[in-house]
Amino acid sequence: MDNKENKHQRPQVSGKTVKRLFKIIFKNYKKLIPIVIICIVISSIVSVSAPLFTEILIDDYIVPLMTIDNPTFDGLNTLILIMAGTFLLGVLTSFIYSRLMVNISEGTIKYIRDKMFIKMQDLPIKYFDTNTHGDIMSHYTNDVDTLARMISDSLPQLVSSLLSLIAVTISMFIQSWQLTLFILAFLVLMLKLTGYITKKSGGYFIGQQKTLGKVNGYIEEMINGQKVVKVFNYEERAKKNFDKVNEELYDNMVNANRFSNILMPILNNLGNLEYVLVALLGAYLAISGTAEGLTIGTIASFLALTRSFNQPIKNISSQVNMVVMAMAGATRIFELTDQEPEVNDGYVTLVNANVDSKGNITETNDYTGQWAWKHKHHDGTIDYIELKGYIEIENVNFGYEPNKEILHDITLYAKPGQKIAFVGATGAGKTTITNLINRFYDVEDGKIRYDGININKIKKEDLRKSLGLVLQDTNLFTGTIKENIKYGKLDATDEEVIKAAKIANAHDFISMLPKGYDTMLTANGSQLSQGQRQLLSIARCAINNPPVMILDEATSSIDTRTEKLVQDGMDKLMEGRTVFVIAHRLSTVRNSKAIMVMENGKIIERGTHEQLLEQKGQYYQLYTGAFELE
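Mapped onto numbering that gives the first Met the number 0, the consecutive letters of the sequence shown carry residue numbers 0 to 629.
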C-alpha cells in the first residue's frame, strides 16, 4: 500500500482538534498550567547553563590557575557551589512539573472519559446499531491511552525541548555567531529530513488507531458468538477473517514504525558529524584568528551547546509521531462526543400518582399508584388525567435509512387490557413497530398516540418509564439479583422486589439459591439458565407497574417447561394492561385479542386466532405447518 493511497483512506488531524484539546486542558487547570510552564522554563534555562559554566571554569579559573605558583581556590569553590545550587533548582523544578503533569494528564483523561460516557447515555439507539461495540470500546482504551501518554510525556518534552532550543540558540549566538550560522544551516537539513519521515509515517499512525478499533470490534464479536462459531465449525473462516483485519493493522503499524524508527539513528549520526565539523571549524577560526575572542573555553562550551542543541531536536522528532497518533485518537474521541444526542422534544409529563380518601392527588415515585399525565392549564392549575394505555398507530411509514421504507401504512388500535400479537417471518417489521412505540426511532410519516397524545409530545424518559419491555436477549448486569430487579425502580424496598419476583414466578428459584436475592451475578448471569434470566427480566419490568407492556420474542429461546413458568409470569404481569407480543411460537398468541400477520413491512391479515384460521390465509398455513416462519 503506497502512501498516497494511505492518505486517502485515513482521517487527517485538524488544527481544530489540537485547539479543542488544549482548551479542555487550560479550562480545567488554569492554576496548575502557569506553574508547569514556569518550572519548564527554569528547567530549560538550567540545562543550558552547564555549557556556560564550562566556559567560565576553563577560561576564568582552570587556565589562569595553571599559571600561578600558589593558587587559591576560593573563587572556584564559590562557582562550584553556585553550579550545585543551579542544578539542584533544575532537578526540583523538573520534579515539580513532572508531578503536576501526572495530575493534569490523568485529570484530563478522567474528564474526557466522563464526557464520553455521559454522551453515550444521550446517544440514540441508531448509533449503537451502526457501530460495533468493540470499536466504541476502543475509544475508551486505545484512543484514551495514547492521548494520556501524549499529555503526560510528549507535551512537557515538546515544550521543554522548544524552550531549550531557544535558550541554546541565544547562548550560541553570544559565544560565536559564525559557528551558530553553521549549526543553523545543518539544522535545515535535519528538519527537512524529519519532516519527510514524519509525513511518511504520520498517515500510518492515524490508520493504526482506526484499524485497532476494527480489530477490537471483530474480537469482541467473535467472543460473544463463540458458541455459534464452534457449532457451525466457523473456526477456520473466523481465523481467515481475523487475519485479514489483523494484517491491515500489521501493515499500518509496520509502516508507521519503519519510518519512525530510522529517524533517531539518522539524526544521531548527523549530530555526531555536526559535532566533529564544529570542532574542526572552531579550531580553524581560533588558530587563524578569524573569530575574535574564540578561546579554548569558548570552543569547549560551544561543543557542549552543540550537544544541547541537537538533543531537543531529537526529542521533538521522537515525539512528533506520538502526538500525531494521540491527535488521531482525540479526533475519534471528539467524533463520539460530537454525535447528535437523542432528540427529546417532548413536553408532556407522565407521573405516578396516588389519590387519598379526600380526592387529593399526590405524585409518587413508588409506582404503587396510577399512571397519569400531568396537564397544566394557563392559569397554573394542574390536572392529573389517568393514563389508561390506549395505543393508536395510524398510517405509519418508516425506514431506518432514507428512501428505504420497511414499514408501509401500519394502522392498528390497542385498548387497555387487550393483548395484540405480531407474527411473521424475520425482517417483516415486527420489532421495528415496538422500537417506534418506545421512540428508539421516530416515525417519518403517520402518528402514534398514547391515550390520544402524540408520543412525540411526551418526554422520552417518562414515555419509556411507563412502558414495560421484555426482550428475547436478557441483559443482566454485574451485581446481586436484588440490584438487577431494582433496575426497574432504583429505590424499591425489599418487599417490592419480592412482590415483583413473585409476579414473575421467579421467587421460588431465587429462594433456592445459596444467597437468595443477594446472589451475585456476573457475565450476564451466566450461572443461571436462560429461563431464569428471563424471569428476572420480567420481575425487573413488573416492579415499575407499567400500563403498557411490550414482549419481544420473550419465550423464543427457552424450553417448553420453562416457557410455561415464564408465560404464567407474563400473564400475571399483563392483567389489566395493554400488551404487545412478538412471537414465533403461535401457541403463545392464541389468547390475543388481535393477531397481526406481517409480511414485508405490511399487515396482511388481522383478527383473533379463530377468525384467522377461518380465513385460511397465511396464519392458517403457519398454524397447520403448511408454511414455516424463517
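Even for Gly, the Cβ is constructed at its ideal location relative to N, Cα and C.
Here DSSP, grouped into helix, strand and coil, assigns Leu-466 to strand. Across the structure, Asn-483 and Lys-514 are spaced so that their CA atoms are roughly 15 Å apart. In this structure, the CA atom of Gln-614 is about 38 Å from the CA atom of Arg-532. A straight-line Cα-Cα distance of about 30 Å links Lys-418 and Phe-476. Contact annotation: Val-47 and Ser-160 have beta-carbon atoms that are not nearer than 7 Å. The beta carbon of Asn-314 sits closer than 6 Å to the beta carbons of Gln-156 and Ser-160 from its chain, once the five residues preceding and following it are set aside; these are given in chain order. For Tyr-440, the closest of Val-40, Met-321 and Lys-125 by C-alpha to C-alpha distance is Lys-125.
DSSP places His-506 in the helix class (H, G or I) of the three-state scheme. Following the DSSP letters along the chain, one finds Asn-396 inside the beta strand (DSSP E) bounded by residues 390-397.
Relative to the Cα of Gly-423, the nearest Cα in the group Tyr-449, Gly-600, Glu-219 and Pro-311 belongs to Gly-600. If the five residues before and after Trp-372 are omitted, its C-beta is found closer than 8 Å to the C-beta atoms of Val-347, Thr-348, Leu-349, Val-350, Tyr-383, Ile-384, Leu-386, Asp-450, Ile-452 and Ile-457, all from its own chain and listed in chain order. Restricting attention to Phe-397, Phe-421, Ile-392 and Thr-425, the CA atom closest to the CA of Thr-410 is found in Ile-392.
Looking only at Val-143, Val-578 and Asp-472, the smallest Cα-Cα distance to Ser-528 is reached by Asp-472.
As computed with DSSP, Lys-238 is found in no beta bridge at all. Judged by beta-carbon spacing, Pro-545 lies within the 7 Å limit of Ser-465, meaning their Cβ atoms are closer than that value. The bridge partners DSSP lists for Thr-577 are Val-547.
For the 7 Å CB-CB criterion, His-138 and Ile-332 form a contact. Contact between the stretch 249-260 and the stretch 207-223 is present, with at least three C-beta pairs closer than 8 Å. Across the structure, Thr-16 and Pro-340 are spaced so that their CA atoms are roughly 20 Å apart. Under the Cβ criterion (8 Å, minimum of three pairs), the stretch 92-105 counts as touching the stretch 23-40. Annotated as proximal: Val-547 and Gly-388, with beta-carbon spacing under 7 Å.
Where Phe-21 is concerned, there is no enclosing beta strand (DSSP E), although the alpha helix (DSSP H) around it starts and stops at 14-27.
Distance from the CA of Phe-172 to the CA of Ile-298, rounded to the nearest whole angstrom, comes to 13 Å. Of all alpha-carbon atoms in Arg-584, Gln-225, Val-214 and Thr-587, the one lying nearest the alpha-carbon of Lys-243 is that of Val-214. Per DSSP, the unbroken alpha helix (DSSP H) holding His-608 starts and ends at 608-614. Residue burial annotation: Pro-311 is buried, with at least 16 other C-beta atoms found within 10 angstroms of its C-beta. Non-local C-beta neighbours of Gly-89 in its own chain, meaning closer than 6 Å and more than five positions away in sequence, comprise Ser-42 and Val-45, ordered along the chain. Leu-304 is classed as buried because its beta carbon has at least 16 other beta carbons within 10 Å across all chains shown. Thr-336 is bridged by DSSP to nothing; it lacks a bridge partner. With a minimum length of 3 residues, the unbroken runs of beta strand (DSSP E) contained wholly in the stretch 428-484 fall at 444-449 and 466-469. Per DSSP, His-407 is one residue of the beta strand (DSSP E) stretching across 406-413. Residue nearest to Thr-431 within the set Leu-280, Asn-256 and Ile-405 is Ile-405 (criterion: CA-CA distance).
Residue environment analysis places Val-323 among the buried positions, since at least 16 neighbouring C-beta atoms fall within 10 angstroms of its C-beta. It is roughly 14 Å from the alpha-carbon of Ile-23 to the alpha-carbon of Val-143. Our two residues, Ile-117 and Phe-127, have alpha carbons roughly 15 Å apart in a direct line. Per DSSP, Met-149 lies in no beta strand (DSSP E) and is assigned neither H nor E.
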